[in-house]
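266 is the number of the first residue of the sequence shown in my numbering; add one for each residue after it.
Here a beta-carbon is modelled for each residue, glycine too, at the ideal position from N, C-alpha and C.
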Amino acid sequence: VVQKLNCWASPGRGARYHLLAHTTLTLESVGDCFKTHNLSVHGNEDCSFWLPLYGNVCCRFVAQPACMAEDAFAGFLNEQQTVKGLVGWRRLYCALRGGKLHCFYGPEEIEAKVEPTLVVSIDKVYYFCLMNKDVDVTIGLNLPN
């Protein structure tokens with residue numbers, strides 16, 4: 266908790282703040298509901314009137330894994346397609362983000378913010394078969410219906 270001091274008191278310096286109290290939030294503080302957290306008040310009794318919060322602050326602290334907002338993994342994937350009995354392959358650049366596999370024709374499409382060609386929700390157990398990169402083998406992904 267900070268208090269903004271009068272900007273006009275010191276011309277040319279901009280806004281100044283004074284630390285009145287603090288609290289520490291950890292992963293144990295994360296939850297679905299609001300909680301009251303104790304504040305450690307700084308300063309002396311002369312400035313206690315600056316803090317109208319009476320030593321507590323109420324807030325909801327949320328967190329999310331970085332992989333929900335950033336690409337966890339990215340790379341090329343060969344997709345097998347069967348159309349009218351004919352088997353074909355297409356190479357896609359895929360990024361795993363937020364529980365979904367976003368597939369593009371190339372990494373430049375991600376940078377250009379193009380909509381993905383294919384989006385696969387990873388909400389079930391899927392099996393990936395990864396082979397040695399030195400051997401010319403197709404890496405497969407089997408998605409059940």
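Taking residue i as the reference, give the member of the options with the closest Cα.
{"i": "Cys323", "options": "Ala331, Thr301 and Ala334", "result": "Thr301"}
{"i": "Ser386", "options": "His307, Tyr370 and Arg362", "result": "Arg362"}
{"i": "Thr291", "options": "Gln345, Asp388, Ala328 and His307", "result": "Ala328"}
{"i": "His307", "options": "Glu293, Ala377, Arg281 and Thr288", "result": "Thr288"}
{"i": "Cys359", "options": "Asn303, Val379, Ser305 and Phe338", "result": "Phe338"}
{"i": "Cys286", "options": "Glu376, Gly320 and Val384", "result": "Here the sequence assigns Ala to residue 286, which means Cys is not the residue at that position. Ranking the options by Cα distance to Ala286, first place goes to Gly320."}
{"i": "Pro372", "options": "Gly364, Gln345, Phe341 and Lys365", "result": "Phe341"}
{"i": "Val384", "options": "Ile375, Lys365 and Glu376", "result": "Lys365"}
Where do the N-terminal and C-terminal ends of the beta strand (DSSP E) with residue i fall, by residue?
{"i": "Glu374", "result": "Run containing Glu374: none in the beta strand (DSSP E); it sits in the alpha helix (DSSP H), Pro372 to Glu376."}
{"i": "Ser386", "result": "Leu383 to Ser386"}
{"i": "Lys349", "result": "Looking at the DSSP string, Lys349 is not in any beta strand (DSSP E), and its letter there is neither H nor E."}
{"i": "Leu284", "result": "Arg281 to Leu284"}
{"i": "Val322", "result": "Asn321 to Cys324"}
{"i": "Phe369", "result": "Lys365 to Phe369"}
{"i": "His258", "result": "A question about residue 258 goes unanswered here, because the residues of the chain that appear run from 266 up to 410."}
Going by the CB atoms, is the gap between residue j and residue i shorter than 8 Å?
{"i": "Phe326", "j": "Gly296", "result": "yes"}
{"i": "Thr347", "j": "Cys368", "result": "no"}
Can you pull the DSSP bridge partners for residue i?
{"i": "Leu361", "result": "Phe338 and Leu366"}
{"i": "Val306", "result": "Ala286"}
Q: Please confirm if the region 326 to 337 is in contact with the region 346 to 354, defined as three or more CB-CB distances below 8 Å between the two stretches.
A: no
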